[in-house]
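Remarks on the structure that follows.
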Amino acid sequence: MTAGSDSRKDLIVKLELARKQIAKLEYAIEINDKTPDVIREIEEKYKFIVNSYGELMTLINRDYIYELVNDSLCRAFGKSRDEFIGKTVAEVWGKEKFTREIKVKIDKCFRGEIFKEEDTFMIPGGEKRYYAVTYYPYQNEQNEITHIVGVTDDITDRKKTEIALKKSEEELRVLNEKKDKYLAIINSDLEKASCHVRSLLPDPVENRDLRIDWKIVPSVQLGGDSFGYHWIDDEHFAIYILDVTGHGLDAALHSVSVLNTLRFQNLKNTDFRNPGEVLKGLNSVYQMSEHSAKFITMWYAVYNRLKDELICAGAGHPPLLIFKEGKIHASVQSKNIMIGVEEDHEFQSEHIELGGSAVIYFYTDGVYEVIKRDGEMMTVEDLEDFLKTHQTQNGAEMQILYEMLEKQSPDGKLDDDFTIMKVNLKR
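Counting from 2, one number per residue, gives the positions in the sequence shown under our numbering.
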């Protein structure tokens, strides 16, 4: 015998079983029409089901009299069944409430409408409860609406949750308005502070001895990068760049403080023509222990115009890149620790003979420490290769570099401040 024939046989057996069950039901219906005891048994089962039902149920006739209520309704309102059955709605809930609120809803239902609403009732003990009430028209065999069935569901927990939620939403809205107001004030202050920091940076310069171009883009409104340059005397020109750890207002203020110290040469017993002495003086003033655990990486360099010599000292900063005739001439590594780490550190300077015109790039690590789309971190060597192939007379390579890094970054944004300065020494 095949599997298909087995399936057909099982189906025939199930159909025969269903036919027998239908026959039993038909017989039961005939008996019910004739046997009062069976009818009473069915009525008792019906009452049991209605009274076990969790929702509140009522049956009201056209005279607005309660003919049926279930146990759930009686328990909810602390009343006995006798206090409902045979009583009018007005007698149970008060004539004023019936006339003003309830009657119009019941009358709609007697006209054939299903009416739904949410209402509140005070239950014994003075507690306010919320209910969802639905009135259904009940039709007899002649399709006449003789009663309405009321089904009421206690929604107090849901309504209390909704009310609490609305209250929370309103409180949140007020807080958001305050937050927006305060953020606007903060952003305005930060913008003013950012403008002030930028005002401290020197203008690009060009004369017969040198040309300096630069680009700085903080990763946030205020950053810890800054730089400067100025003539110490007719022979010596100071150039410096620094990066304070962190971002935001604290880092920016620290950076500005160091920048002003260098601009106004406010270090006692320090020869600002000697980079090693300058870093030593800064290190004694800006120790991490006294400045919110912030340290500084930097370069301080002095160009001797007459000797065509660069004297420089680096403190934990990325290397200086020196180009001559478009080719890399030197990658000068920093040989000192960061400013603020060790109070008694002796900072060393380095002398570099330039031998004619040269281009020197000062920059912070945000210029090359960028995760590329391939997941690899850009290196100083990558930066060196870029600058070697993209050098221009007006420093446009810095903007090209910034745009390239933005595109390479997975989210199109740089995580650190972007600061680069191009110093073109002319001979």
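All C-beta atoms, glycine included, are put in the ideal place defined by N, C-alpha and C.
TODO: Pick out whichever of F419, M339, V381, G413 has its Cα sitting closest to the Cα of M399.
DONE: Taking the first residue of the sequence shown as 1, we reach residue 399 at position 398. Among F419, M339, V381, G413, the Cα nearest to that of M399 belongs to F419.
Task: 7 Å Cβ shell around D417 - same chain, five flanking residues per side excluded - done: Translated into positions along the sequence shown, residue 417 becomes position 416. S220, D366, G367, E370.
Open item on the list: Measuring straight from C-alpha to C-alpha, what distance separates L263 and K179?
Closed with: For this step, residue 263 is matched to residue 262 along the sequence shown. For this step, residue 179 is matched to residue 178 along the sequence shown. Cα to Cα, L263 sits roughly 41 Å from K179.
Open item on the list: Quick check on DSSP: helix, strand or coil for Y301?
Closed with: Position 300 of the sequence shown, counted from the first residue, corresponds to residue 301. Strand, per DSSP.
Task: Residues that E207 bridges to, as DSSP identifies them - done: Locating residue 207 in the sequence shown gives position 206, where the first residue counts as 1. Paired residue(s): R212.
Task: Proximity below 9 Å, CB of I353 to CB of I312 - done: Position 352 of the sequence shown holds residue 353. Position 311 of the sequence shown holds residue 312. Their beta carbons are under 9 Å apart, which means I353 touches I312 by this criterion.
- [ ] Look at the alpha carbon of S350 and the alpha carbon of I240, and state the distance between them as a whole number of angstroms.
- [x] Within the sequence shown, residue 350 is the residue found at index 349, counting from 1. Within the sequence shown, residue 240 is the residue found at index 239, counting from 1. Their Cα atoms are separated by approximately 14 Å.
- [ ] Look at the alpha carbon of V360 and the alpha carbon of K325, and state the distance between them as a whole number of angstroms.
- [x] Within the sequence shown, residue 360 is the residue found at index 359, counting from 1. Within the sequence shown, residue 325 is the residue found at index 324, counting from 1. Rounded to the nearest angstrom, the two C-alpha atoms are 6 Å apart.
- [ ] On a CA-only basis, which of D412, L415, A397, N261 is nearest P205? Give me that one, please.
- [x] For the purposes of this step, residue 205 is identified with residue 204 of the sequence shown, where counting begins at 1. That would be A397, whose Cα lies nearest to the Cα of P205.
TODO: Could you check if I23 is buried or exposed, using at least 16 other CB atoms within 10 Å of its CB as the buried criterion?
DONE: Residue numbering aside, residue 23 sits at position 22 when the sequence shown is read from its first letter. Interpretation of I23 is limited by its pLDDT of 45, a score under 50 that renders its predicted location unreliable; no figure is taken from the coordinates.
Open item on the list: DSSP three-state label for S332, please.
Closed with: Here residue 332 is taken as the residue at index 331 of the sequence shown, counted from 1. Of the three classes helix, strand and coil, the one that applies to S332 here is strand, per DSSP.
TODO: Specify the secondary structure class of I240 as computed by DSSP and reduced to three states.
DONE: Residue 240 sits at position 239 when you count from the first residue of the sequence shown. If DSSP states are grouped into helix, strand and coil, I240 belongs with the strands.
- [ ] Go ahead and label F78 buried or exposed: buried means 16 or more other beta carbons lie within 10 angstroms of its beta carbon, across all protein chains shown.
- [x] Looking up residue 78 in the sequence shown gives position 77. Burial call: buried.
Task: Spatial distance of W300 from F238 (CA atoms) - done: As a first step, residue 300 must be located in the sequence shown, where it is residue number 299. As a first step, residue 238 must be located in the sequence shown, where it is residue number 237. Straight-line Cα distance between these residues: approximately 14 Å.
Open item on the list: So that I know if they touch, is there some Cβ in chain C lying closer than 9 Å to that of E370?
Closed with: Although the question refers to chain C, the structure presented lacks it and comprises just one protein chain.
TODO: Measure the C-alpha to C-alpha separation of H292 and L260 and round it to an integer number of angstroms.
DONE: In the sequence shown, residue 292 corresponds to position 291, counting from 1. In the sequence shown, residue 260 corresponds to position 259, counting from 1. Taking the straight line from one Cα to the other gives about 15 Å.
Open item on the list: What would DSSP say about L283, mapped onto helix, strand or coil?
Closed with: Numbered from 1 along the sequence shown, position 282 holds the residue referred to as residue 283. Correct three-state label for L283: helix.
TODO: Provide the residue span of the alpha helix (DSSP H) that contains F78, from first to last.
DONE: Translated into the one-based positions of the sequence shown, residue 78 becomes position 77. Segment 72-78, the alpha helix (DSSP H) holding F78.
TODO: With a floor of 3 residues, list each beta strand (DSSP E) that falls wholly inside the region 92-132, ordered by position along the chain.
DONE: 116-124
Task: Residues that DSSP places opposite C313 in a beta bridge - done: To locate residue 313, count along the sequence shown from 1; it is residue 312. Its beta-bridge partners are A302, E351.
TODO: Report the option in I372, M378, T393, N275 whose CA atom is closest to the CA atom of P411.
DONE: Within the sequence shown, residue 411 is the residue found at index 410, counting from 1. Checked all of I372, M378, T393, N275; the closest Cα to P411 is I372.
Open item on the list: What does the Cβ neighbour count give for I164, buried or exposed, with the cut at 16 atoms within 10 Å?
Closed with: Locating residue 164 in the sequence shown gives position 163, counting from the first residue. Exposed is the call here.
Task: Length of the line joining the Cα atoms of M422 and D214 - done: As a first step, residue 422 must be located in the sequence shown, where it is residue number 421. As a first step, residue 214 must be located in the sequence shown, where it is residue number 213. Answer to the nearest angstrom: the Cα atoms are 6 Å apart.
Task: Alpha-carbon spacing of L211 relative to M289, whole angstroms - done: Position 210 of the sequence shown holds residue 211. Position 288 of the sequence shown holds residue 289. Taking the straight line from one Cα to the other gives about 36 Å.
Task: CA-to-CA distance, T157 to T135, given in whole angstroms - done: Residue mapping note: residue 135 aligns to position 134 of the sequence shown, counting from 1. Residue mapping note: residue 157 aligns to position 156 of the sequence shown, counting from 1. About 16 Å.
Task: Straight-line gap, G151 to E171 (C-alpha atoms, nearest Å) - done: Here residue 151 refers to the residue found at position 150 of the sequence shown. Here residue 171 refers to the residue found at position 170 of the sequence shown. One C-alpha to the other measures close to 35 Å.
Open item on the list: Is the separation between the beta-carbon of P319 and that of V381 shorter than 9 Å?
Closed with: Your numbering for residue 319 matches position 318 in the sequence shown. Your numbering for residue 381 matches position 380 in the sequence shown. Against a cut-off of 9 Å, the Cβ pair of V381 and P319 comes out as a contact.
Task: Buried/exposed call for D226, threshold 16 Cβ in 10 Å - done: As a position in the sequence shown, residue 226 is number 225, starting the count at 1. Classification for D226: buried.
Task: Option nearest L202 by Cα separation, candidates K427, V257, T59, K161 - done: The residue labelled residue 202 in the question sits at position 201 within the sequence shown. Of the listed residues, the one whose Cα sits closest to L202 is V257.
Open item on the list: Between R174, G224, M123, E207, which has its C-alpha nearest N395's C-alpha?
Closed with: For the purposes of this step, residue 395 is identified with residue 394 of the sequence shown, where counting begins at 1. That would be E207, whose Cα lies nearest to the Cα of N395.
- [ ] Taking only the alpha-carbon atoms, compute the straight-line gap between L307 and S189 and give it to the nearest angstrom.
- [x] Taking the first residue of the sequence shown as position 1, residue 307 is located at position 306. Taking the first residue of the sequence shown as position 1, residue 189 is located at position 188. Their backbone Cα atoms lie some 47 Å apart in a straight line.
Task: D383 to L402 span [Cα, whole Å] - done: Numbered from 1 along the sequence shown, position 382 holds the residue referred to as residue 383. Numbered from 1 along the sequence shown, position 401 holds the residue referred to as residue 402. The alpha-carbon atoms of D383 and L402 are separated by roughly 11 Å.
- [ ] State the Cα-Cα distance for the pair E97 and V90, rounded to the nearest angstrom.
- [x] Start at 1 with the first residue of the sequence shown, and residue 97 comes out as number 96. Start at 1 with the first residue of the sequence shown, and residue 90 comes out as number 89. One C-alpha to the other measures close to 11 Å.
Task: 9 Å Cβ cutoff met for D108 and Y132 - done: Counting from 1 along the sequence shown, the entry for residue 108 is found at position 107. Counting from 1 along the sequence shown, the entry for residue 132 is found at position 131. No, they are not a contact pair.
Open item on the list: I'd like to check one pair, E343 with K281: are the Cβ atoms closer than 9 Å?
Closed with: Against the sequence shown, residue 281 aligns to sequence position 280. Against the sequence shown, residue 343 aligns to sequence position 342. No, the Cβ-Cβ distance between K281 and E343 is not below 9 Å.
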